[in-house]
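Participant: Counted the way our numbering counts, the sequence shown spans residues 821 to 1154.
Glycine residues also receive a C-beta, built at the ideal position from the N, C-alpha and C atoms.
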Amino acid sequence: MIKIIVDAMGGDNSPVVNVKGVVKAVNEIKDLQIVLVGKAEELTELLNKEKYDGARLEIVNATEVISCNEKPTEAIKNKKDSSMSKGYELLRADENARAFVSLGSTGALLAGAVLRVGRIKGIKRPAFCPILPTMKQSLVGICDSGANVDCDPAWLQQFAVMGSLYMQKAYGVKNPRVALLNIGIEEEKGNALSKETYALLKNTTSINFVGNMEARDLLSGEVDLVVCDGFNGNVLLKSTEGACLELMKLLKKSMMSSFKSKIGALLIKKKMYEIKDLMDYNNYGGAVLLGTSKTIVKGHGSSKAEAVYQCIKQAYNMESNHLVQSIAESLENE
821 MIKIIVDAMG GDNSPVVNVK GVVKAVNEIK DLQIVLVGKA EELTELLNKE KYDGARLEIV
881 NATEVISCNE KPTEAIKNKK DSSMSKGYEL LRADENARAF VSLGSTGALL AGAVLRVGRI
941 KGIKRPAFCP ILPTMKQSLV GICDSGANVD CDPAWLQQFA VMGSLYMQKA YGVKNPRVAL
1001 LNIGIEEEKG NALSKETYAL LKNTTSINFV GNMEARDLLS GEVDLVVCDG FNGNVLLKST
1061 EGACLELMKL LKKSMMSSFK SKIGALLIKK KMYEIKDLMD YNNYGGAVLL GTSKTIVKGH
1121 GSSKAEAVYQ CIKQAYNMES NHLVQSIAES LENE
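1) What residue range does the alpha helix (DSSP H) around M1033 cover?
2) What's the call for M821, buried or exposed, on a 16-neighbour Cβ count within 10 Å?
3) At which residue ranges does the region 893–929 contain complete alpha helix (DSSP H) runs of 4 or more residues, listed in the order of the chain?
4) For N889, which option in L1021, G1053, S925, N916 has the closest C-alpha, if you only look at C-alpha atoms?
5) Within 10 Å of its beta-carbon, does Q1145 have 16 or more other beta-carbons around it, so buried, or fewer, so exposed?
6) Only counting runs of 4 or more residues, tell me where the alpha helix (DSSP H) segments fall wholly within the region 1020–1089, in order along the chain.
7) So is I879 buried or exposed if we call it buried at 16+ other beta carbons inside 10 Å?
8) Which residue from S905, N916, M987, Y872 puts its Cα closest to that of V1108?
9) Looking at S1113 and V857, is the spacing between their C-beta atoms short of 8 Å?
10) By Cβ distance below 7 Å, which residues in the same chain neighbour L911 in space, the five residues on each side in sequence not counted?
11) Please state whether the Cβ-Cβ distance between V998 and L1045 is less than 8 Å.
12) Over what stretch of residues does the alpha helix (DSSP H) that includes K1135 continue unbroken?
13) For the alpha helix (DSSP H) containing P950, list its first residue and its last residue.
14) Go to N881, then tell me how far its alpha helix (DSSP H) extends in each direction, as first and last residue.
15) Within 10 angstroms of its Cβ, does A1063 collect 16 or more other Cβ (buried), or is it exposed?
16) Determine the burial state of E861: buried for a count of at least 16 other Cβ atoms within 10 Å of its Cβ, exposed for fewer.
17) Determine the direct distance from the alpha carbon of L1021 to that of S1014, and round the result to whole angstroms.
18) Taking contact to mean 3 or more Cβ pairs, one atom from each stretch, closer than 8 Å, check whether the region 937–950 and the region 979–995 are in contact.
19) Check the C-beta distance from Y1018 over to N1032 and give it rounded, since I have them as a contact under 8 Å.
20) Closest to L852 by C-alpha separation, out of L877, L959, S1074, L930, would be which residue?
21) In terms of residues, what are the limits of the alpha helix (DSSP H) holding L863?
22) In angstroms with no decimal places, state the Cα-to-Cα distance between S887 and G966.
23) From E884, E909, V1047, pick the residue whose C-alpha is nearest to that of P973; which is it?
24) I need the straight-line Cα distance from K1069 to A1085, nearest angstrom please.
25) In or out: D832 buried (at least 16 other Cβ within 10 Å) or exposed?
26) Excluding sequence positions up to five away, which residues of its chain have a Cβ less than 8 Å from the Cβ of Y782?
27) Could you tell me which of G1041, N1052, E1126 sits nearest to M955, measuring between CA atoms?
28) Report the residue from V1117, N868, A913 whose alpha carbon sits nearest the alpha carbon of K840.
29) In this structure, does DSSP put G841 in helix, strand or coil?
30) In chain order, what residues of the same chain lie with their CB nearer than 7 Å to the CB of A931, ignoring the 5 residues before and after it?
31) Since A980 is in the alpha helix (DSSP H), which residue starts that stretch and which ends it?
32) Which residues in the same chain as V993 place their Cβ atom closer than 6 Å to its Cβ, once the five residues preceding and following it in sequence are excluded?
33) Which residue from M1075, G1121, A882, N847 puts its Cα closest to that of T864?
34) On the DSSP bridge list, what partners appear for I1147?
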């Protein structure tokens, strides 16, 4: 049985979507146990409307909520009865608790991970690794995407190793193709960080390094993991997501612009919905924080119930395939 703790009060649509996502996970994953942390009265009322195995779903009361406007470290330290702080305390104290899922403040989640859970021995910095769908209907990870805005080459090397193992363990990608984000594909391109990192990755035998990658090729399906510092990774992620969303809006506007275009839209309606589903982050879960001693998954603040379920499924897959242990072992072999 894999026990996962879920922050019920994190996110824009909490606790409704959190509860629905948890119920779906409990109903579909039979060796899963969930601890739902939040305002017990609200959670009980919502759960009374659902059908699920009560033996595998527990509520732990937490009266406070950490907002995205608060200073992360201070919030984690001072709001001890918040759903996130209490969730972390449970994760640290319970040996059987394997993972933590939250849609709440990214800064507080990162602060809590460092202060309450800690890193795997030998890991220099933890890194966020969100995933996106590609044009080949595969997945690509971006590591890092916001945890570390300034990096050195050794950190990026560890991001590559951790991210590669993540793509293998969570999504079954065999021998993931790892690329370094750069302004050109040539080996000599980029700044000092890029050049030094390239040399390190080229000689890292535990990964399948395929060279540099330009940002425009992120969704091409030619690579499985992109390595970069957290600043550029966050810009890459948000600009890509924004461009895809605006393109979908433009297509919809164009299709509704005339009678002829509306007829055409009806003919390709099914395909357009398939594309929309492909690009919807709710179908892929959240960003995993790699390098911590227990599994932590951060979902989008605006997530729907399906995204909550996918976040839990991510954490479950990582724990089922012993990702944390694999990362620790990889450091010993480097």
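Facilitator: Taking the definition as stated:
1) Where M1033 is concerned, there is no enclosing alpha helix (DSSP H), although the beta strand (DSSP E) it sits in stretches over 1028–1033.
2) Its Cβ having fewer than 16 others within 10 Å, M821 is exposed.
3) Taken in chain order, the complete alpha helix (DSSP H) segments of 4 or more residues contained in the region 893–929 are 903–913.
4) The shortest C-alpha separation from N889 is found at S925.
5) A residue is called buried once 16 or more other Cβ atoms fall within 10 Å of its Cβ, and Q1145, having fewer, is exposed.
6) Taking only runs of at least 4 residues, the alpha helix (DSSP H) segments lying wholly in the region 1020–1089 are 1050–1075, 1079–1087.
7) Around the C-beta of I879, 16 or more other C-beta atoms lie within 10 Å, and the residue is accordingly described as buried.
8) In this structure, M987 is the residue among S905, N916, M987, Y872 with its C-alpha nearest to the C-alpha of V1108.
9) The beta carbons of V857 and S1113 sit no closer together than 8 Å.
10) The answer, listed in chain order, is I825, A917, F920, V937, K1114.
11) Cβ distance < 8 Å, so V998 and L1045 count as in contact.
12) Note on residue identity: the sequence assigns Ala, not Lys, to residue 1135. A1135: member of the alpha helix (DSSP H) spanning 1125–1140, first to last residue.
13) Counting along the chain, no alpha helix (DSSP H) covers P950, and no H or E run does either.
14) Element bounds for N881: not the alpha helix (DSSP H) but the beta strand (DSSP E), 877–881.
15) By the 10 Å Cβ count, A1063 comes out exposed.
16) The residue in question, E861, is exposed, as its Cβ has fewer than 16 Cβ neighbours within 10 Å.
17) Rounded to whole angstroms, S1014 to L1021 spans 10 Å at the Cα level.
18) At 8 Å Cβ cutoff, the stretches touch.
19) About 7 Å; that satisfies the 8 Å criterion.
20) Out of L877, L959, S1074, L930, L877 has the C-alpha closest to the C-alpha of L852.
21) Run containing L863: 860–867, per the alpha helix (DSSP H) assignment.
22) Approximately 18 Å between the Cα atoms of the pair.
23) Checked all of E884, E909, V1047; the closest Cα to P973 is V1047.
24) Our two residues, K1069 and A1085, have alpha carbons roughly 14 Å apart in a direct line.
25) Counting Cβ neighbours within 10 Å, D832 comes out exposed, since fewer than 16 surround it.
26) No answer is possible for residue 782: it lies beyond the span of the chain, which begins at 821 and ends at 1154.
27) Nearest option by C-alpha distance: G1041.
28) For the residues V1117, N868, A913, the minimum Cα distance to K840 belongs to N868.
29) Three-state result, G841: helix.
30) The beta carbon of A931 is closer than 7 Å to those of P892, T893, I896 in its chain, skipping five residues each way along the sequence.
31) Boundaries of the alpha helix (DSSP H) around A980: 973–991.
32) So the qualifying residues of the chain are M987, D1044.
33) Ranking the options by Cα distance to T864, first place goes to A882.
34) Beta-bridge pairing links I1147 to no other residue.
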